[in-house]
Structure formats: C-alpha cells, structure tokens
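What follows is a set of notes on a single structure, which appears directly below.
Here it is, written out as structure tokens:
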C-alpha cells in the first residue's frame, strides 16, 4: 500500500500477520537490498574520485585513521560530529550524511530480531 506524504511516496510495511501496518518509516528505503552505507558512499563517491587516501582524509577531518576506516568498512556509525566534519570538509550538508546513516539503521532495525516484538506493541489510542 502506498501513501503520499508531502509529495513523497512511501510504502507501508506489513505486519507479521500480512495486514497493512501503520507506517513506521516516512523515508523511502530499498525493499530488497540495504541502503548504501555512508562509509561506502564516502569511499566510492568522494575519496576514490578525489584521489585522496583514508589517512590523508582522516587528518583533514581531524579524526583518527581507525575511526575513518571503521566508517568506510561499515563497522562504525556516522555520528553528528562526524557528519559536521564531513560537511565542512566536503562543502555539503551534514543532513546528507546523517540521512544515509538513518536509512541504514532503519533498514536493519526493520529486519532485526526485535522487529517482530515491536510489531506486537499495542498502539496508544486517543483517550477522551
């Protein structure tokens, strides 16, 4: 089932019973594959084309090489601090990096062991 929300089409997730569930995510996420991790985006769309090494870029960002390398390998999250650093150095929005991280996190959370338990939670009803 699709819904229009501020000119964005979203697909409503289905509950574990196969019935349409209330949409928990207003962002468009890929259905069959995980979204691009921000570290992969950083490596493939920025570092490689710019010809800059991870070590040199870590120095530019003012972070350690292991921290940057873990982000690139998808082993570490992009935090607001890191997003601000990336935005400043690359001349773009911190929201871009946080959005990529949020998409990654939500996609995995929707498929986690806890997702079934979350789907069974009772929605709060308006009390008059």
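In this note's numbering, the protein residues as written are 1104 to 1231. Where a beta carbon is used, it is the ideal one built from N, C-alpha and C, also for glycine. Model, not experiment: these values are computed from the prediction.
| query | result |
| --- | --- |
| For residue 1168, tell me which candidate among 1158, 1202 and 1175 has the shortest Cα-Cα distance. | 1158 |
| Within the same chain, show all residues whose beta-carbon is closer than 6 Å to that of residue 1120, passing over the 5 residues directly before and after it, in chain order. | Note on residue 1120: pLDDT 44, under 50, position unreliable in the model; the coordinate value appears next. Answer for residue 1120: no residue qualifies. |
| Helix, strand or coil, according to DSSP, for residue 1175 in the structure here? | helix |
| So the alpha helix (DSSP H) residue 1149 belongs to, where does it begin and stop? | First-last for residue 1149: undefined, no H or E at that position. |
| Tell me which residues share the same chain as residue 1177 and place their Cβ nearer than 6 Å to its Cβ, disregarding the 5 neighbours each side in the sequence. | 1140 and 1142 |
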